[in-house]
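K.L.:
Below: one structure in structure tokens.
Residue numbers (my numbering): 31 to 276.
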């Protein structure tokens, strides 16, 4: 039985789904399952998902009737894994495989080897020996963003936004019971919800694992110019969870 299920949220990914990469990984790794969540795609995404489901017992799918955004697609996927009731771990990965599939194995290993850790975050840390291909402007904006997160939420996390996470399923229903209020910064909301569950600092139950490969996909749906709204969105998140903690 697979210990982990990795959720792949998809919205109009027909031109970005690397079927060869998925097939190669699935042919050589049967120790984890993949759950594709089709978030109301209107292109040929569903046909590609159907091909994988038909050929691999470790591939599953969840279809949403309409586009509800990445955050909700992942939330629905997490709740679906709890209903299946057979996984020790659940995680998620971007459909474009900016983080290659094999990197999830390192996150899985890290959390399994550390019983006190309940979430492992992939971290795009540029270092010797790594291959992190990221636009320089986005990199520096990312460092500014991380500083804002640290100051506003008092969380010393290097990279909250890398699209690779693995979480223990023990508290999934509680963590994902309600919709997120942010479309793009739900990763932060996950940490804040877990902080409420464990009533302790993030460092006591979370770890960051530097990934060795990451390749920025040119047609990212988040525009650099959207960055000017970030402080306001973060403050909105802070107010929301501060009021819930009272």
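We put the beta carbon where it would ideally sit given N, CA and C, even for glycine.
Following the continuous alpha helix (DSSP H) through residue 58, name the residue where it begins and the one where it ends.
P.N.:
Note, residue 58: alpha helix (DSSP H), 49 to 58.
K.L.:
Along the chain, which unbroken stretches of the alpha helix (DSSP H) at least 4 residues long are found entirely within the segment 99 to 155?
P.N.:
If we require 4 residues or more, the alpha helix (DSSP H) runs fully inside the segment 99 to 155 come out as 100 to 114, 133 to 142.
K.L.:
Between residue 245 and residue 163, how many whole angstroms is the CB-CB distance? I'm expecting something under 8 Å.
P.N.:
Confirmed, about 5 Å.
K.L.:
Return the CA-CA distance between residue 88 and residue 61, expressed in angstroms with no decimal places.
P.N.:
Distance between the alpha carbons of residue 88 and residue 61: 9 Å.
K.L.:
With DSSP collapsed to three states, give me the class of residue 233.
P.N.:
Note: residue 233 maps to helix in three-state DSSP.
K.L.:
Can you find the residues in the same chain that come closer than 8 Å, C-beta to C-beta, to residue 194, ignoring five residues on each side of it along the sequence?
P.N.:
Once the five neighbours on either side are set aside, the close Cβ partners of residue 194 are 121, 122, 123, 124, 129, 133, 134, 137, 151, 152, 241.
K.L.:
Which whole-angstrom value describes the C-beta separation of residue 178 and residue 264, a residue pair presumed to lie in contact below a C-beta threshold of 8 Å?
P.N.:
About 6 Å; that satisfies the 8 Å criterion.
K.L.:
With a Cβ-Cβ cutoff of 9 Å, do residue 192 and residue 114 count as a contact?
P.N.:
Result no, Cβ atoms of residue 192 and residue 114 do not sit closer than 9 Å.
K.L.:
Looking at residue 98: is its Cβ nearer than 9 Å to the Cβ of residue 106?
P.N.:
Yes, Cβ-Cβ distance for residue 98 and residue 106 is below 9 Å.
K.L.:
Using alpha carbons as the reference points, say which of 268, 57, 93, 76 lies closest to residue 184.
P.N.:
Here the closest residue by C-alpha is 268.
K.L.:
Please list, in chain order, all residues of the same chain as residue 188 whose beta carbon is under 8 Å from its beta carbon, the five residues on each side excluded.
P.N.:
The answer, listed in chain order, is 153, 155, 176, 238.
K.L.:
Look at the alpha carbon of residue 214 and the alpha carbon of residue 174, and state the distance between them as a whole number of angstroms.
P.N.:
Those two C-alpha atoms are separated by around 16 Å.
K.L.:
With burial defined as no fewer than 16 other Cβ atoms inside 10 Å of the residue's Cβ, what is the status of residue 159: buried or exposed?
P.N.:
Exposed, by the Cβ-count rule.
K.L.:
By the DSSP assignment, the alpha helix (DSSP H) with residue 187 in it spans what residues?
P.N.:
Per DSSP, residue 187 belongs to no alpha helix (DSSP H) and is neither H nor E.
K.L.:
With residue 37 and residue 108 assumed to form a contact (beta carbons below 8 Å), what rounded beta-carbon distance in angstroms separates them?
P.N.:
That pair is a contact at about 7 Å.
K.L.:
Start and end of the beta strand (DSSP E) containing residue 84?
P.N.:
Not the beta strand (DSSP E): residue 84 falls in the alpha helix (DSSP H), residues 75 to 85.
K.L.:
When DSSP labels each residue in this structure, what does residue 209 get in the three-state scheme?
P.N.:
Looking at residue 209 - three-state DSSP - the assignment turns out to be coil, as it is neither helix nor strand.
K.L.:
How far does the beta strand (DSSP E) with residue 223 in it reach, from first residue to last?
P.N.:
Careful: residue 223 lies outside any beta strand (DSSP E), inside the alpha helix (DSSP H) at 216 to 228.
K.L.:
Buried or exposed for residue 218, please, with buried defined as at least 16 other CB atoms from any protein chain shown within 10 angstroms of its CB.
P.N.:
Looking at its Cβ environment, which holds 16 or more other Cβ atoms inside 10 Å, residue 218 is buried.
K.L.:
Among the candidates 233, 205, 236, whose CA atom is the shortest distance from the CA of residue 226?
P.N.:
The shortest C-alpha separation from residue 226 is found at 205.
K.L.:
Determine the DSSP secondary structure at residue 263, reduced to helix, strand or coil.
P.N.:
Reduced to three states, the DSSP call for residue 263 is helix.
K.L.:
Would you decide whether residue 39 is buried or exposed? Buried here means 16 or more other CB atoms lie within 10 Å of its CB.
P.N.:
Flag for residue 39 reads buried.
K.L.:
State buried or exposed for residue 200, treating a residue as buried only when at least 16 other CB atoms are found within 10 Å of its CB.
P.N.:
Classification of residue 200: exposed, given that the 10 Å Cβ count is below 16.
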